[in-house]
Ligand SMILES: [Fe+2]
Ligand SMILES: [Fe+2]
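Numbering (the working numbering), first residue to last: 50 to 210.
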């Protein structure tokens, strides 16, 4: 595997940990604000991101490449509203979608079809993740400043297993 592709995969491995850390910070913010359902959704999201990181780990190992470890940046810990949290989550997922797109470009550029195929799962997953957050944002827009609406969403997201 060429260095640029290997480095990009190693960086994405770290980016998934950073995503997990960010969602856990969002979970803590919700738990501390009394929204246990929203916190539950974020904890499930944090777990999914760890599973994504493991896919990069396993892939690098299967290609006989090195898994590298670097410091995980501290995430933001405070937001001004429930909506602000999901707006950040949406922006974050868009950023990840862009970086996976770039990774796929590098794989194509280097004619590494195995890596390109590996990345397709993430391409599909990102569409799903962006849609999920968009859907929540839409419900928050409908709820506006209505506490009952937000509590209904809290109950709904509390059922995510
Ligand atoms: Fe991810
Ligand atoms: Fe994600």
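Even for Gly, the Cβ is constructed at its ideal location relative to N, Cα and C.
Among the residues of its own chain, which have a CB less than 7 Å from the CB of residue 122, if the five just before and after it don't count? Working through the chain shown from its first residue, we reach residue 122 at position 73. Excluding residues within five positions, the ones whose Cβ falls inside 7 Å are 67.
Starting from the Cα of residue 141, find the closest Cα among 84, 60, 78, 65 and give me that residue. Mapped onto the chain shown, residue 141 falls at position 92. Out of 84, 60, 78, 65, 65 has the C-alpha closest to the C-alpha of residue 141.
Can you tell me the Cα-Cα spacing of residue 107 and residue 114, whole angstroms? Sequence index remark: in the chain shown, residue 107 carries index 58 (1-based). Sequence index remark: in the chain shown, residue 114 carries index 65 (1-based). Cα to Cα, the separation comes out at about 10 Å.
Nearest candidate by alpha-carbon position, reference residue 171, set 75, 89, 104, 55: For the purposes of this step, residue 171 is taken as residue 122 along the chain shown, with counting starting at 1. Nearest option by C-alpha distance: 104.
Count the other CB atoms within 10 Å of the CB of residue 197; is the residue buried (16 or more) or exposed (fewer)? Counting from 1 along the chain shown, the entry for residue 197 is found at position 148. The residue is exposed, with fewer than 16 neighbouring Cβ atoms inside 10 Å.
Residue 159, DSSP secondary structure in three states: If you number the chain shown from 1, residue 159 lands on position 110. Coil, per DSSP.
Over the uninterrupted alpha helix (DSSP H) stretch that includes residue 92, give me the two end residues. For the purposes of this step, residue 92 is taken as the residue at position 43 of the chain shown. Start and end: 85 to 111.
Between residue 82 and ligand 2, is there a pair consisting of the residue's CB and a ligand heavy atom that are separated by less than 7 Å? To locate residue 82, count along the chain shown from 1; it is residue 33. No; taking the cut-off as 7 Å, the Cβ of residue 82 has no heavy atom of ligand 2 nearer than that.
Measuring alpha carbon to alpha carbon, tell me which of 186, 77, 51, 61 ends up nearest residue 146. The residue given as residue 146 occupies position 97 in the chain shown. Minimum Cα distance to residue 146 is reached at 61.
Quick check: is any heavy atom of ligand 2 less than 7 Å from the C-beta of residue 121? If you number the chain shown from 1, residue 121 lands on position 72. The answer is no for residue 121.
By Cβ distance below 8 Å, which residues in the same chain neighbour residue 126 in space, the five residues on each side in sequence not counted? Here residue 126 is taken as the residue at index 77 of the chain shown, counted from 1. Hits under 8 Å: 74, 77, 78.
How many Å lie between residue 109 and residue 200 at the Cα? To locate residue 109, count along the chain shown from 1; it is residue 60. To locate residue 200, count along the chain shown from 1; it is residue 151. Rounded to the nearest angstrom, the two C-alpha atoms are 43 Å apart.
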